[in-house]
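Everything below concerns the one structure shown next.
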Amino acid sequence: MTDWTTSLAGSISGVADDVRELASELGARAHTAHLVWQRWSGDSRGDGSPQIEREVELTPTPKISLAGSTRYRRGPGGSVREGDAFLGEVSLRYSPDLLRGEDLYRGRLPANVEFFYELRPVPGSGGAVLRMSLAGEPVRDHERVEYRIDLQHRNPDTPMDGRTAASVVY
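This is the structure in structure tokens:
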């Protein structure tokens with residue numbers, strides 16, 4: 036199998052990233068996308084106090100589509116938002132392991148670390164921070180010089196940290 040970095044897609048990925056950054060600079064992106072690793076002080080996820088261990092902002096800002104199938108279901112604490120999101124135009128410079136949250140842990144997160152995507156509204160655009168989980172493997176598309184990533188809302192029963200508690204939607 037040919038190394039993608041030596042292919043045409045690999046050679047023009049930097050140019051594609053530069054062009055895509057223009058969309059952010061022109062205000063065409065309503066959200067930014069961040070990879071977040073959160074460590075809990077206890078032995079497992081949700082046990083103890085959470086602390087953000089690592090954050091990576093995806094640049095250039097991906098094209099984010101919030102699926103039209105967003106719905107609400109009744110939960111014990113009120114309505115819970117359910118639905119999906121799609122990230123396109125994600126730079127090929129990122130490794131699949133990083134996009135899955137596994138790059139530091141050799142494929143397996145410790146029991147007290149959770150990984151999620153956080154979609155944050157750009158200043159002035161309004162809206163809530165959305166915490167999402169991967170809905171499948173990141174797909175590398177050489178023809179479009181991008182990764183495509185499907186996301187879904189996280190489990191609403193997962194406790195949130197105090198950093199964004201008022202504005203986070205699971």
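Positions in the sequence shown are counted from 1; adding 35 to them yields this note's numbering.
Built from N, CA and C at the ideal position, the CB exists for glycine as well.
None of the values given here were measured: they were computed from a predicted structure.
Discussion item. Using 8 angstroms as the cut-off, can you tell me whether the region 48-61 makes contact with the region 87-99, which would need three or more C-beta pairs spanning the two stretches below that distance?
Written reply: yes
Worksheet item: Should the region 171-178 be regarded as contacting the region 79-94, the criterion being three or more beta carbon pairs within less than 8 angstroms?
Response: no
Worksheet item: Excluding five sequence neighbours on each side, which residues of the same chain lie with their C-beta closer than 6 angstroms to the C-beta of Y182?
Response: V125, P173, R175
Worksheet entry | Distance between beta carbons of A65 and P158, contact taken as under 8 angstroms | Going by Cβ atoms, the distance from P158 to A65 rounds to 11 angstroms, so no, they are not a contact pair.
Practice prompt. From the DSSP output, in three-state form, read off P85 for me.
Written response: strand
Item to complete: In angstroms with no decimal places, state the Cα-to-Cα distance between D53 and D78.
Response: 42 angstroms
Item to complete: Compute the beta-carbon to beta-carbon distance between V180 and L127, rounded to the nearest angstrom, for a pair I have assumed lies under 8 angstroms.
Response: 6 angstroms
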